[in-house]
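A.B. asks: Residue 65 in the UniProt record's numbering is what sits at position 65 of the sequence shown, and the numbering runs on without skipping anything.
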Amino acid sequence: MALRIGLVSTTYLPSRNGVATSTALLARGLRDAGHDVRVFAPAHPAQVAGAPEPGVYRLPSTTWGTPPDYPLMLVPSVAIEAKLPWRDVDVLHTMHPFLAGQLAVRWAYRARVPLAFTAHTQYEEYTHYARMPRRMSRALVRAHVGAFARRVDEVLVPGRAMEDMLRSYGVDGRITRFPNPVDLQAFRQALRVDRAAWGVPAGVPLAVYLGRLAPEKNLEVLLDAVTRARRTQPDLHLLVVGDGPSRRDLAANAPDGVHFAGPVPYARVPEALSLADAFVTASTSEVLPMSMIEALAAGAPLVAARSPAALDLIQEGVNGTVREATPAALAEGLLHTLHPDRLPALRDGARASAAPYDVHTRARALADLYAGMIERYRARRR
1 MALRIGLVST TYLPSRNGVA TSTALLARGL RDAGHDVRVF APAHPAQVAG
51 APEPGVYRLP STTWGTPPDY PLMLVPSVAI EAKLPWRDVD VLHTMHPFLA
101 GQLAVRWAYR ARVPLAFTAH TQYEEYTHYA RMPRRMSRAL VRAHVGAFAR
151 RVDEVLVPGR AMEDMLRSYG VDGRITRFPN PVDLQAFRQA LRVDRAAWGV
201 PAGVPLAVYL GRLAPEKNLE VLLDAVTRAR RTQPDLHLLV VGDGPSRRDL
251 AANAPDGVHF AGPVPYARVP EALSLADAFV TASTSEVLPM SMIEALAAGA
301 PLVAARSPAA LDLIQEGVNG TVREATPAAL AEGLLHTLHP DRLPALRDGA
351 RASAAPYDVH TRARALADLY AGMIERYRAR RR
């Protein structure tokens, strides 16, 4: 049965982040399966004026006080809301518990349809961006997210860390683990391009980090780990792909062998990851980032600091290794993974372990989940 689905998100393409990308992939996968998908997201300054975006409905936004790639959704006026096609949907799904979530709650109540919520992020780990004491902001986030999760019909989480977090907030209802999708075909077809185009010498062992460049990613530890590993393997290089508030300082003080590529369009992510002999991250707060799944799809084994995502994704000795979040431990993990006696099998294991995350597999699972939600919701109303 074809469904009419409303996805409400405070970030969407052309923003470069995991939530924007995973939402777009799910929308595409659901449409490929014959469903009518309507995405409600903030206007983005990089949109091409007048360019068609079938099925995408832009809401007012501002970039005042925010990075240009993260426009802040504003409350739509009554006139704007009246023009949006949310009234005849069968199900609504919000990717955020804040303004987008409140909007989705209102629409679900008025349309008399069930509401799903994906808790993508450990929100309290980002409270250092708030302009208030951290203890206060963490308490407010916990209270709000917990209350919101108890209010919706279905809570989805990408991994067990988010489930544990919500349970600690007092959420005792239904929580479904639902990992983010990846376009496996794009990564399988990615050709290894000339590394010189990325500023990397040919023929050297190469680790890649791809993601946001921000304090919570523990990037100083990552760079220190690469420096230590180069003492044993001097031809090792690191390619850092992405942007964020830490980029300027990190690039200005980059040690030998480290190359900063800056942000790239999502279409070039498979190319960037196809360069990697290994993917490395020192972040300890990851839930289940798309970049790590994408690295597996590209055949790059993971060398990761101990985090919820690492424990969910990595099969030790099969597709990567989990190490403590210290420069010495991560350096040893890199050298261990890149050893020529181990690397070919690890690359094969990485590709095989990415299969369950294929976008069409995840879209079919999501449509089945929606159908169950709708059936339970209608049963309650009878």
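In this text, a Cβ means the ideal position worked out from N, Cα and C, and glycines have one as well.
Measure from the alpha carbon of residue 303 to the alpha carbon of each residue in 232, 220, 373 and 319, then state which is nearest.
C.D. replies: Comparing Cα-Cα distances from residue 303 to each of 232, 220, 373 and 319, the minimum goes to 319.
A.B. asks: Is the region 293-311 touching the region 180-191 in the sense that three or more CB pairs, one from each, lie closer than 8 Å?
C.D. replies: Yes, the region 180-191 touches the region 293-311.
A.B. asks: Along the chain, where does the beta strand (DSSP E) containing residue 5 start, and where does it finish?
C.D. replies: Taken as a continuous stretch (DSSP letters only), the beta strand (DSSP E) holding residue 5 covers 4-8.
A.B. asks: Give a single yes or no on whether residue 203 has its beta carbon closer than 7 Å to a heavy atom of the ligand SAM.
C.D. replies: Because no ligand of any kind appears in the structure shown, any question about the ligand SAM cannot be addressed here.
A.B. asks: Buried or exposed: residue 64, going by 16 or more other Cβ atoms within 10 Å of its Cβ?
C.D. replies: Burial call: exposed.
A.B. asks: Counting only runs that start and end within the region 32-110, where is the beta strand (DSSP E) found for 3 or more residues in a row?
C.D. replies: Those beta strand (DSSP E) runs which fall completely within the region 32-110 and span 3+ residues are 36-42, 56-59 and 91-94.
A.B. asks: Report yes if the C-beta distance between residue 229 and residue 334 is below 8 Å; otherwise report no.
C.D. replies: Yes, the pair counts as a contact, with Cβ atoms nearer than the cut-off.
A.B. asks: Report the partner residues of residue 176 according to the DSSP bridge assignment.
C.D. replies: DSSP, once it has assigned bridges, lists 156 as partnering residue 176.
A.B. asks: Would DSSP call residue 368 helix, strand or coil?
C.D. replies: Correct three-state label for residue 368: helix.
A.B. asks: Please classify residue 109: is it buried, with 16 or more other beta-carbons within 10 angstroms of its beta-carbon, or exposed?
C.D. replies: Exposed is the call here.
A.B. asks: Roughly how many angstroms separate the alpha carbons of residue 33 and residue 90, rounded to a whole number?
C.D. replies: Those two C-alpha atoms are separated by around 16 Å.
A.B. asks: Thinking C-alpha only, which one of 163, 153 and 342 is nearest residue 372?
C.D. replies: Checked all of 163, 153 and 342; the closest Cα to residue 372 is 153.
A.B. asks: From the DSSP output, read off the bridge partner residues of residue 209.
C.D. replies: Paired residue(s): 240.
A.B. asks: Cα separation between residue 43 and residue 28?
C.D. replies: The straight-line gap from Cα to Cα measures roughly 19 Å.
A.B. asks: Over what stretch of residues does the beta strand (DSSP E) that includes residue 320 continue unbroken?
C.D. replies: Here the beta strand (DSSP E) through residue 320 covers 320-323.
A.B. asks: Is the separation between the beta-carbon of residue 207 and that of residue 280 shorter than 8 Å?
C.D. replies: Yes, the Cβ-Cβ distance between residue 207 and residue 280 is below 8 Å.
A.B. asks: Drop a sphere of 10 angstroms on the beta-carbon of residue 375, count the other beta-carbons inside from all chains shown, and report buried for 16 or more, exposed for fewer.
C.D. replies: The residue in question, residue 375, is exposed, as its Cβ has fewer than 16 Cβ neighbours within 10 Å.
A.B. asks: Just to check my reading of the structure: residue 290 and residue 180 have Cβ atoms closer than 8 Å, yes? What is that Cβ distance to the nearest angstrom?
C.D. replies: That pair is a contact at about 5 Å.
A.B. asks: Considering Cα atoms alone, identify which of 16, 60 and 166 is closest to residue 117.
C.D. replies: Checking every option, the nearest Cα to that of residue 117 belongs to 166.
A.B. asks: For residue 104, collect the residues of the same chain with a Cβ closer than 7 Å to its Cβ; drop the 5 residues on either side in sequence, then sort them by chain order.
C.D. replies: Once the five neighbours on either side are set aside, the close Cβ partners of residue 104 are 8, 92, 94 and 115.
A.B. asks: With distance defined between alpha-carbon atoms, name the residue in 210, 285, 61 and 212 nearest to residue 161.
C.D. replies: The shortest Cα separation from residue 161 among 210, 285, 61 and 212 belongs to 285.
A.B. asks: By a C-beta neighbour count over all protein chains shown, 10 Å radius and 16 as the cutoff for buried, is residue 159 buried or exposed?
C.D. replies: By the neighbour-count rule (16 or more Cβ atoms within 10 Å), residue 159 is buried.
A.B. asks: Based on the DSSP secondary-structure assignment, which residues constitute the bridge partners of residue 264?
C.D. replies: None, per the DSSP bridge assignment.
A.B. asks: Spell out whether any CB of chain C is found under 8 Å from the CB atom of residue 345.
C.D. replies: The structure shown contains no chain C; it holds only a single protein chain.
A.B. asks: Would you call residue 199 buried or exposed, if buried means 16 or more other Cβ atoms sit within 10 Å of its Cβ?
C.D. replies: Exposed, because fewer than 16 other Cβ atoms sit within 10 Å of the Cβ of residue 199.
A.B. asks: Select from 265, 365, 377 and 148 the residue whose C-alpha is nearest the C-alpha of residue 18.
C.D. replies: Comparing Cα positions, the closest option is 265.
A.B. asks: Kindly list the residues whose CB is nearer than 6 Å to the CB of residue 362, restricted to its own chain and excluding five residues on each side of it in sequence; keep chain order.
C.D. replies: The answer, listed in chain order, is 181.
A.B. asks: Tell me whether the beta-carbon of residue 257 lies closer than 8 Å to the beta-carbon of residue 288.
C.D. replies: No, the pair does not count as a contact, with Cβ atoms beyond the cut-off.
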